[in-house]
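The structure appears right after this line, and notes come after that.
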Amino acid sequence: MDPLRFIAIPSNPELDNWGSLDPSQESDYTVMPGLEHKYEQTAVLLVSGTCAGICRYCFRKRIFLEKRKETLVDLDKALEYISEHPEINNVLLTGGDPLMLSTSKLDHLLSKLREIDHVQIIRIGSKVPAVNPYRIIDDPQLSEVLAEHMDDESSIYVMTHFTHPREINEVSIEAVSLLKNAGALLNNQTPLLRNVNADPRTLSELLNRLSYIGVAPYYVFQCRPAVGNRHFVVPVEESYRIIEEAKNSCSGLAKRVRYVISHRSGKVEVLAIDEENVYMKYHQAADRKDAGRFLVLPRNPRATWLDDYLKASPTARQPRRGIERYT
Ligand code: SF4
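The working numbering puts the first residue of the sequence shown at 24, with every later residue one more than the last.
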């Protein structure tokens with residue numbers, strides 16, 4: 024099937040009884056509906072319950088599936104929480120897709136966040152540049168609003184979500200240029216997806232083309248074990264090989280990307296694999312005790328998630344500092 028069709032159109036394997044509705048257990052870090060506080064310095068606001076297209080591999084598809092109050096209902100209360108937590112220096116707007124909000128609503132939200140001195144970075148996670156770039160092109164006010172809420176010491180990062188090189192075309196490049204001209208800094212994150220981008224040639228083309236258009240490749244995520252995702256998931260060790268091979272055809276700028284598992288306990292980067300072990304390190308940790316923790320885990324070619332490794336190494340569950348070897 025065409026890869027772009029595959030990520031947008033429902034298919035039967037989605038009905039397999041597999042995966043969780045909350046694979047990264049975001050509920051553990053939800054302070055109030057629509058506000059998550061997992062990493063000390065980062066608050067996550069789920070500001071929108073809609074997207075420009077529903078990605079079939081979405082790890083947050085629960086917000087579309089169930090009548091649950093997952094998105095923000097009380098902005099004032101959320102802002103009060105962020106104000107009371109000076110350690111929060113950046114706020115990620117996500118959802119759903121924040122660029123599905125009207126420009127005036129987004130303006131209001133950005134103004135309110137800018138009133139909080141310690142919030143220096145605002146991130147907007149969006150697939151709009153890839154799937155509906157006309158949202159940006161046809162609304163010049165959007166770029167103006169973004170520009171108004173940035174200065175030399177307060178940035179807005181747009182975390183784009185280009186998944187396949189064919190999403191980078193004349194129109195999306197125009198949208199990206201408008202965001203860049205407004206002063207936003209652009210980084211890209213994508214999961215590695217079977218039959219979409221999980222081959223070295225496609226992935227290297229994606230990473231290279233992102234670097235050509237001035238979007239920094241930031242994360243390649245292990246596809247999360249969410250309901251309906253089984254047919255997209257590539258085992259960790261295979262993913263690692265694909266990413267490393269893709270990097271061989273990339274410039275240093277294109278290969279800045281990190282391969283991470285966005286696990287309940289933190290963002291765990293897969294660093295290396297040898298004949299016996301997989302080597303990982305906490306890039307972000309929910310619990311300070313795990314910060315920078317290095318993991319040496321016995322190989323498991325079938326593992327698709329960190330838990331598959333941890334199950335085989337029960338002692339790995341006890342967080343400790345430094346280099347640890349689990350056998
Ligand atoms: S844009 Fe993001 S939140 Fe929306 S469906 Fe796609 S992956 Fe899910």
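Idealized CB from N, CA, C, for every residue including glycine.
Whole-angstrom distance between residue j and residue i, CA atom to CA atom
i	j	result
N210	S234	10 Å
L226	S285	19 Å
V319	D313	14 Å
F317	G76	37 Å
V219	I32	13 Å
K270	E59	33 Å
Y241	R232	13 Å
D39	A249	11 Å
Q64	A308	11 Å
G148	S336	35 Å
A239	S166	20 Å
E351	S127	Summary: the structure shown does not reach residue 351, with the chain confined to residues 24 through 350, and so no result is reported for it.
Q164	L98	23 Å
D354	D310	Because the chain is modelled from 24 through 350, residue 354 falls outside the range shown and cannot be assessed.
G289	S125	32 Å
L329	H172	38 Å
L352	T186	The structure shown does not extend to residue 352, since the chain is modelled only from 24 through 350, so no value can be given for it.
I159	T327	36 Å
L132	G119	15 Å
W41	K61	26 Å
S272	S177	35 Å
R224	D331	28 Å
T117	L95	10 Å
L333	S200	43 Å
R287	D45	10 Å
M24	S274	30 Å
V259	G237	28 Å
Neighbourhood of residue i by C-beta, 7 Å cutoff - its chain only, sequence neighbours within 5 removed
i	result
Y80	I30, P214, L216, C246, N252, F255
L136	V114, V142, I145
I17	Nothing in the structure corresponds to residue 17, since the chain is present only between 24 and 350.
L129	P121, V168
Q212	M182, H184, Y241, Y242, F244
P36	R253, H254
Collapsed DSSP secondary structure at residue i in the structure displayed
i	result
F244	strand
A249	strand
E138	coil
A335	helix
F317	strand
V259	helix
D174	strand
I32	coil
L133	helix
L68	strand
K92	coil
S149	strand
A198	helix
E22	Missing from the structure shown is residue 22; the chain here goes from 24 to 350 and no further.
I111	coil
V154	helix
T186	coil
Cβ shell of residue i (< 8 Å), same chain only, five flanking positions each side left out
i	result
E299	P321, R322
E93	P56, G57, L69, G72, R83, R85, I86
S43	P248, A249, V250
Cutoff 6 Å; reference residue i; Cβ partners in own chain excluding five residues on either side
i	result
R146	L115, Y180, M182
E292	R281, V283, K304, H306
C78	I30
L102	K135
L276	S234
Neighbour flag for residue i against chain B, beta carbons, 8 Å
i	result
G118	The structure shown contains no chain B; it holds only a single protein chain.
Validate contact between the region 149-162 and the region 184-203 using beta carbons, cut 8 Å, 3 pairs: yes
Any 3 or more C-beta pairs closer than 8 Å across the region 39-53 and the region 105-124: no
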